[in-house]
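For reference, the structure is listed below as structure tokens.
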Amino acid sequence: MAAGDPAVPEETTHPDAIVIAIESEPTTLNPYDHAAVVSGYMNQLTYNRLFRLNIDTLEPEPELAESFEAVDDVTWVFRLRQGVLFHDGTEMTAEDVKASMEYARQFTSSNRYTSFWTDVTVNDKYTLTVTTDGPYALILNDLASNGNTVVPKSLIDAGNDFNQNPIGTGPYKFVSWTLGDNLTFVKNDDYFDRDHMPTITDLTWRVIPEGSSRTIALESGEVDLIVDVSSTDVDRLRAKDDVTVEEVEGTRFNFMALNNEKAPFDNVLVRRAINCLVDKQAVIEVAANGQGAVCTGMLASPFPGVTDEGADEHNVSLALSLFEQAGVDPTQLSFTCMAYTDATRRAAEVIQGCLFEAGITMDIESLDFAAWLSRLLEGDYETAIAGYSSSDVLTCIKGMWHSSSINAANSARISDPELDSLIDRAQQTIDEDARLTLIRQVSVRLNQACPVVPLYTSSVIRAFDSRLGGADVSASGLMRWQDRAGSRVATAAGMVYDRAILNRQE
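Here it is as structure tokens:
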């Protein structure tokens, strides 16, 4: 549901070029080698996968695959679209899909999306069989992830750098990247999905780190769309007749990561105590201008099966008791928290004040996004303000909390064999009721372990020139844009899932 809609202009425009403002620069354009939302934006323009997530249902549906068949619990046959061309003019075949799946396994960031298969066999030019090591409920979702992007086998064999030369089958071709400033893309006239052929020819993504500068750029017409709207500017933008602001409650889970491999955060009592000291509502008011919902447990509550059972709430007395049980004097604790945006710095400042009341010293280290992410993934930090977005709970628990995701999305670096076993069983369980029971058990165990300080789920907020049309925004962050001519666009808070951004359908 849209919030703060101005009147829709009588005529919406069909621009040949648009400029999109983003807060952070991509870490890479290689789809297999990152866990960064902003890199995902770019990947969705230039690449495709066997499946994509439907913008309305978030269920996987064929993209490069034409059809599929589950032969049995562990055998899947995929038939590919014919005549799909890579940006270099070569045709995609089953050999490219197999080579891409094997290539992706070289990258830690893709591990959680590529570990499910034991064998990939090419049956013919347009058909392949994938064998899993057991029943696996997430196979189609994983095949819709960036970790299973399809690229040319010839380029893999030639040692192509997909960061410098991102050749895929997507609706846009990469043109240039001016570091620290912008990235540009041009329409792919040979795009296979004719029903969603872009009519916008040129896309420019401008990197504008400071929130108010992004707002001014939209107001002045320098940019047409802000992906990362500063929460402090939302009311100001809503008041403008020529700007549309879209907002819904989202599923992005914001938290303070605690490095569970380092003392004192390797002690669950200390982690719980720190969690109890933090006033999450105060964090929302300051960091997100009141736009979000408090998180008590370790998983975003909109997901099915999730519970707050076993989680601690804001309770200073309990915190002091937990420190006493741990044999830790909070007045002797001192550590650093990493932040990289205006909002994460504001969150860190509120937490800093909460901890100071118990005598804890927390310094705040401000970094650019690339440095912040590199240190987070390498475990070279004590605490950090972070976030995670996912379209489904199984992907979330696998990505955030399984030990195989350490050095990827498991930023807390929690390694718990029993938790891993529960997650594995949930992924292998096809029966929905049984799977939800396991998800609840995962949720409770995480709440008891308290690997991070949960903060809030973000509202999804986008602002754009009203002449571009209207939008429906889902809780996942997906957006469907429509103008009076019925054209559609799909974007996401974390990813652009099933169409190119501002991909107009006439």
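The numbering used here runs 1 ahead of the 1-based position in the sequence shown.
Backbone N, C-alpha and C fix where the C-beta goes; we use that ideal spot for every residue, glycine too.
All values reported here derive from a predicted model rather than from experimental measurement.
Neighbour-count burial assignment, residue i, 16 or more Cβ in a 10 Å radius
i	result
GLU11	Here the model assigns GLU11 a pLDDT of 44, short of 50, so the residue's position is not dependable, and the following value carries that caveat. Exposed.
THR345	buried
THR216	buried
PRO32	buried
ASN142	buried
ARG195	exposed
LYS126	exposed
SER406	buried
GLU70	exposed
SER68	exposed
ASP34	buried
ALA413	buried
GLY293	buried
THR28	buried
ASP162	exposed
THR245	buried
ALA435	exposed
VAL443	buried
SER221	exposed
ALA409	buried
Per-residue DSSP class, three states only, for residue i
i	result
MET508	Because the chain here runs from 2 to 507, residue 508 falls outside it and cannot be looked at.
LEU368	coil
ARG106	coil
TYR173	strand
LEU374	helix
PHE357	helix
ALA476	Confidence at ALA476 is low in this model, with a pLDDT of 47, below 50, so the placement of that residue should be treated as unreliable; the coordinate-derived value is given next. Correct three-state label for ALA476: coil.
PRO63	strand
ASP17	coil
SER390	coil
ASP425	helix
TYR127	coil
MET93	coil
CYS338	strand
VAL307	coil
PRO331	helix
PHE324	helix
ASP120	strand
LEU439	helix
PRO167	coil
ALA145	coil
THR345	helix
GLU70	strand
VAL152	coil
THR430	coil
ALA100	helix
LEU395	helix
ARG80	strand
LEU184	strand
MET198	coil
ILE352	helix
Proximity of residue i and residue j at Cβ, strictly below 8 Å
i	j	result
LEU81	ALA66	yes
LEU259	ARG272	yes
ASP225	ILE23	no
TYR104	PHE117	no
LEU46	PHE193	no
TRP402	ILE424	yes
ASN147	ASN49	no
ARG468	GLU247	no
VAL208	ASP234	no
LEU139	GLN428	yes
ASN261	ALA327	no
VAL307	VAL176	no
ALA95	VAL123	yes
ALA283	VAL351	yes
Whole-angstrom C-beta distance between residue j and residue i, which should lie under 8 Å
i	j	result
THR337	GLU366	5 Å
MET93	VAL151	6 Å
MET299	ASN189	Actually they are not in contact, since the Cβ atoms of MET299 and ASN189 sit about 41 Å apart, beyond 8 Å.
GLY212	PHE87	Not confirmed; about 38 Å, so no contact.
TYR389	PHE254	5 Å
THR252	ALA301	5 Å
THR128	THR119	Rounded, the Cβ-Cβ distance is 18 Å, inconsistent with contact.
THR458	CYS296	6 Å
ASP17	ASP203	7 Å
PRO455	PHE256	5 Å
ARG347	ALA288	4 Å
GLY400	SER391	7 Å
**Study point:** Ranges of the beta strand (DSSP E) found wholly within the region 201-227, counting only runs of at least 3
**Key:** 203-208
Exercise for review: With a floor of 4 residues, list each alpha helix (DSSP H) that falls wholly inside the region 218-302, ordered by position along the chain.
Suggested key: For the region 218-302, whole alpha helix (DSSP H) runs of length 4 or above, ordered along the chain, are 235-239, 269-278, 281-288.
**Study point:** Length at least 3, wholly inside the region 446-475: the beta strand (DSSP E) runs in chain order
**Key:** 453-466, 471-474
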